[in-house]
Amino acid sequence: MKKIQLTGLALATLAACAPAWAQSTVTIYGAVDTAIGKFYQADSTQIKEYKTSLQSSSRVNLQDSFVGFKGVEELGGGLQVGFQLEQKLDASSGSADPEGAFARSSNVWLGGGWGRITLGRAITPSYNAMAAWDLMGAGNNSIALRTFGAVGTGGQRQSNQISYRTPQLGGLIVEAAYTPKENNRSKIDLGATYATGPLIMGVAYNKFSDLDANYAFGAKYHYQNFEFSGGYYHSRNGNSYSENTLQVVPNAIFGSDGVTLGGKATWGQFSAGVDIAREIKAESVVGNTRFDEKKYTNVLINGAYAFSKRTKTYVNYMRAGGFNNYGVGLSHSF
Numbered sequence: 002m003k004k005i006q007l008t009g010l011a012l013a014t015l016a017a018c019a020p021a022w023a024q025s026t027v028t029i030y031g032a033v034d035t036a037i038g039k040f041y042q043a044d045s046t047q048i049k050e051y052k053t054s055l056q057s058s059s060r061v062n063l064q065d066s067f068v069g070f071k072g073v074e075e076l077g078g079g080l081q082v083g084f085q086l087e088q089k090l091d092a093s094s095g096s097a098d099p100e101g102a103f104a105r106s107s108n109v110w111l112g113g114g115w116g117r118i119t120l121g122r123a124i125t126p127s128y129n130a131m132a133a134w135d136l137m138g139a140g141n142n143s144i145a146l147r148t149f150g151a152v153g154t155g156g157q158r159q160s161n162q163i164s165y166r167t168p169q170l171g172g173l174i175v176e177a178a179y180t181p182k183e184n185n186r187s188k189i190d191l192g193a194t195y196a197t198g199p200l201i202m203g204v205a206y207n208k209f210s211d212l213d214a215n216y217a218f219g220a221k222y223h224y225q226n227f228e229f230s231g232g233y234y235h236s237r238n239g240n241s242y243s244e245n246t247l248q249v250v251p252n253a254i255f256g257s258d259g260v261t262l263g264g265k266a267t268w269g270q271f272s273a274g275v276d277i278a279r280e281i282k283a284e285s286v287v288g289n290t291r292f293d294e295k296k297y298t299n300v301l302i303n304g305a306y307a308f309s310k311r312t313k314t315y316v317n318y319m320r321a322g323g324f325n326n327y328g329v330g331l332s333h334s335f
């Protein structure tokens, strides 16, 4: 929380407004995460190699580097209104996200005992559900995220989204979202999680109006200082890339089905985990013709040492799509 001291006339003015401000809070938060590493990343045209250097907000980092602002105002009667603004940063250079200011999150919400309605760019319900059971919390180094996407092509975040989340009902939380005609197509996005004791389960679904549906489900179990996680994924509408040229194949649509299975152990401040993703079906479609694609077994090996609850150093090794990715970094949340 950022604190500001004012004197004189400013204090007198604030004193006059005190009843209106008394129930409002604004928080500044974020993360800075930088690693030395190398990775391969697909975009809309090709698979690119990012050679060994300082990396930020990449698949070999634990999380994005970003700065955020969020606020809450108590309206009375259990009703609250709030907002959230987040901008991703390149911590290695100080540059802002080229997608635009607050492209990470930009929304306003209204909530109470009946749940919460959120309007604007926000995390999708399907990604929220996936993060609940994913071994790495669907963070940047998630092998499920790098193999099957954010529940297919549903995305981690969605612009122009209207969403509703229920309150917790005996361990069950359900979230639903609708996006009206984003890029000339509407979208439905759903997610649900159920937590009971050391077990959490989830299911996720999303569909654009003119594309095939994506869905996934999974569970995570805590036992003493161990965590075990597994999931099933049905991913569609992706780009297909040539294995020889690494260029996108025109008019080809890629889809895959597969599973993940992993475990993590924690000893004091040190943790280590292994997560495996296996494609059991992979194909590309061009018009009415289907082509079988190579099925990959992808692996993440992660180790971390926590200096505190907010600061840790880590190492990531990821074998994904036939490429080796690695990073050694430092992550701090504030």
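Here the sequence shown is numbered in the numbering used here, starting from 2 and rising by one per residue. No residue lacks a Cβ here, since even glycine has one placed at the ideal position from N, Cα and C.
Does DSSP classify Tyr128 as helix, strand or coil?
helix
May I ask whether a heavy atom of the ligand HEM can be found less than 7 Å away from the beta carbon of Ser107?
Although the ligand HEM was asked about, the structure shown includes no ligands whatsoever.
What runs of the beta strand (DSSP E), each 3 residues or longer, lie entirely inside the region 285 to 312?
290 to 293 and 298 to 307
Measuring CB to CB, does Ala145 end up less than 8 Å from Gly328?
no
Residue from Ser58, Ala104, Tyr224 and Thr125 with nearest C-alpha to Phe70
Ala104
Alpha carbon to alpha carbon, how far is Val249 from Thr314? Give it in angstroms, no decimals.
35 Å
Can you give the beta carbon distance from Gln24 to Glu75, rounded, assuming they're within the 8 Å contact cut?
4 Å
Which residues in the same chain as Thr197 place their Cβ atom closer than 8 Å to its Cβ, once the five residues preceding and following it in sequence are excluded?
Gly172
Check whether the region 137 to 144 and the region 176 to 188 are in contact - that is, three or more C-beta pairs closer than 8 Å.
no
Between the region 126 to 138 and the region 86 to 106, do three or more beta carbon pairs fall short of 8 Å?
no
In three-state DSSP terms, what is Phe40?
strand
Which runs of the alpha helix (DSSP H), 4 residues or longer, sit entirely within the region 100 to 172?
126 to 134 and 144 to 149
Give the C-beta separation of Ser230 and Lys221 to the nearest angstrom, bearing in mind that I take them to be a contact with Cβ-Cβ under 8 Å.
4 Å
What is the residue span of the beta strand (DSSP E) that Glu87 lies within?
Leu80 to Asp91
Taking a contact to mean a Cβ-Cβ separation below 8 Å, would you say Tyr179 touches Gly116 in this structure?
no
Distance, Glu244 Cα to Lys295 Cα
9 Å
With a threshold of 6 Å on Cβ separation, who are the neighbours of Ser334 within its own chain once the five nearest residues in sequence on each side are excluded?
Ala32 and Arg311
Would you list the residues sitting across from Ile277 in a DSSP beta bridge?
Leu262 and Val300
DSSP state of Ala214 mapped onto helix, strand, coil
coil
As assigned by DSSP and simplified to three states, the class of Gly328:
strand
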